[in-house]
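For the sequence shown, the numbering used here gives the first residue as 2, with consecutive numbering after it. Read the structure below first, then the notes.
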Amino acid sequence: MLPPSPSRPLVLCLSGLDPSGGAGVQADIESVTALGGHALGVVTALTAQDTSNVTRVVATDPALLQQQLELLLLDSPPQAIKLGLLGGAEQVPVILEAIRRCRVPVVCDPVLRAGGGTLLHGDAAAQALRSELFGAVTVLTPNAAEARRLCPERADLDACGAGLLEAGCAHVLITGGDEPGASVVNTWYAPGQAPHRYTWPRLPETFHGAGCTLAAAIAALLARGLPVGAALQQAQEWTQGTLRQALRVGQGRRIPGRRA
Ligand code: PLP
Numbered sequence: 002m003l004p005p006s007p008s009r010p011l012v013l014c015l016s017g018l019d020p021s022g023g024a025g026v027q028a029d030i031e032s033v034t035a036l037g038g039h040a041l042g043v044v045t046a047l048t049a050q051d052t053s054n055v056t057r058v059v060a061t062d063p064a065l066l067q068q069q070l071e072l073l074l075l076d077s078p079p080q081a082i083k084l085g086l087l088g089g090a091e092q093v094p095v096i097l098e099a100i101r102r103c104r105v106p107v108v109c110d111p112v113l114r115a116g117g118g119t120l121l122h123g124d125a126a127a128q129a130l131r132s133e134l135f136g137a138v139t140v141l142t143p144n145a146a147e148a149r150r151l152c153p154e155r156a157d158l159d160a161c162g163a164g165l166l167e168a169g170c171a172h173v174l175i176t177g178g179d180e181p182g183a184s185v186v187n188t189w190y191a192p193g194q195a196p197h198r199y200t201w202p203r204l205p206e207t208f209h210g211a212g213c214t215l216a217a218a219i220a221a222l223l224a225r226g227l228p229v230g231a232a233l234q235q236a237q238e239w240t241q242g243t244l245r246q247a248l249r250v251g252q253g254r255r256i257p258g259r260r261a
């Protein structure tokens, strides 16, 4: 059999399904497509939600997840992996096995709480992610609140960044959209490098699915072979553009405009 030679880099996206289309696997598919890749979408959880908040999360059976990944990895080995909302600690060994087999960059958006306030994972699940998964992560993209939840023992955000590197992540980008201030400051942490800050104009509203969009964009650019620094810069620029052309699809927050 001929080896696969896909015309677009493949990004395996393991994410929740948000029926509003703002976040989750739809955000991933649209972002990856817009940036020249093809998304392999594996749904980790179904959710009930609207553009304001999440009301229910139903995890995919780990055995089904495993079967989906088995088939995909044989048929369509990806050039990058993007992890979003996971359906609980039982899925982590299955996902780790897929990561081990692929040996490609892994972008992980540690989704712990919906923008509307609903807790999607408790403290125990957050600590399980940190201790079991982060050693396999190339770029972790927590927002400030998620970074603090993952590193409750750390005094400030820079200490959280250091703590997440110590937990095994190769790179960490803490986003500051959920912090106060006239600008949004995102900070890139990597071993042996001083924290690198990106300052973006703060837009006058919050969005539904911005974090998923940014993480998927980073994964798409890494799948195309960009180095991490260039992928972080270009993904943030592109995500800013999607927020400037955000769409109103419901009564709650607008969603990033990821299509031309
Ligand atoms: N639902 C799913 C499936 C998600 O992956 C996320 C975030 O990543 C959310 C909801 C919450 O999105 P937001 O915080 O932007 O509202």
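Glycine included, every Cβ here is placed at the ideal spot set by N, Cα and C.
The straight-line gap separating the alpha-carbon atoms of His197 and Pro94 is approximately 32 Å. For Ala211, the shortest separation between its Cβ and any heavy atom of the ligand PLP lies below 7 Å.
With a cutoff of 7 Å, Asp110 counts as near the ligand PLP, since its C-beta is closer than that to a heavy atom of the ligand.
Using a Cβ distance threshold of 8 Å, Ser184 and Arg203 count as a contacting pair.
In the DSSP assignment, Pro196 falls within the unbroken beta strand (DSSP E) covering 194 to 202. In the DSSP assignment, Ile30 falls within the alpha helix (DSSP H) that extends over 25 to 35.
Rounded to whole angstroms, Leu130 and Ala90 show a C-alpha spacing of 7 Å. In the DSSP assignment, Phe208 is bridged to Arg255.
Between Arg255 and the set Ala191, Gly117, Gly42, the nearest pair of CA atoms involves Gly117. DSSP places Leu87 in the coil class of the three-state scheme, outside both helix and strand. Under the DSSP assignment, Gly230 falls outside any beta strand (DSSP E), being part of the alpha helix (DSSP H) whose first and last residues are 229 to 245.
Counting only runs of at least 4 residues, the stretch 81 to 136 fully encloses the following alpha helix (DSSP H) elements, listed from N- to C-terminal order: 93 to 103, 124 to 129. Around the beta carbon of Arg245, fewer than 16 other beta carbons sit within 10 angstroms, so the residue counts as exposed.
Counting C-beta atoms within 10 angstroms of its own C-beta, Gly242 has fewer than 16 neighbours from the protein chains shown and is therefore classed as exposed. Per DSSP, reduced to three states, the secondary structure at Thr214 is helical.
In the same chain as Ala211, and ignoring 5 residues on each side of it, the C-beta atoms closer than 7 Å to its own belong to Gly178, Thr240, Leu244, Pro257, in chain order. Its chain contains Ser21, Asp51, Thr52 as the residues whose beta carbon lies nearer than 7 Å to that of Gly251, once the 5 sequence neighbours on both sides are disregarded; these appear in chain order. Counting other Cβ atoms within 10 Å of its Cβ, Pro7 stays below 16 and is therefore classed as exposed.
Rounded to the nearest whole angstrom, the C-alpha separation of Leu121 and Asn54 is 11 Å. If you draw a straight line from the Cα of Pro205 to the Cα of Pro143, it comes to about 21 Å. Gln237 and Thr45 have their C-alpha atoms some 25 Å from each other. When distances are taken from the beta-carbon of Leu86 to the heavy atoms of the ligand PLP, the shortest one is below 7 Å. Cβ atoms of Val43 and Ala217 stay farther apart than 8 Å, at about 13 Å. Taking the C-beta atoms as reference points, Leu11 is found nearer than 8 Å to Ala224. The continuous beta strand (DSSP E) containing Leu13 extends over residues 11 to 18.
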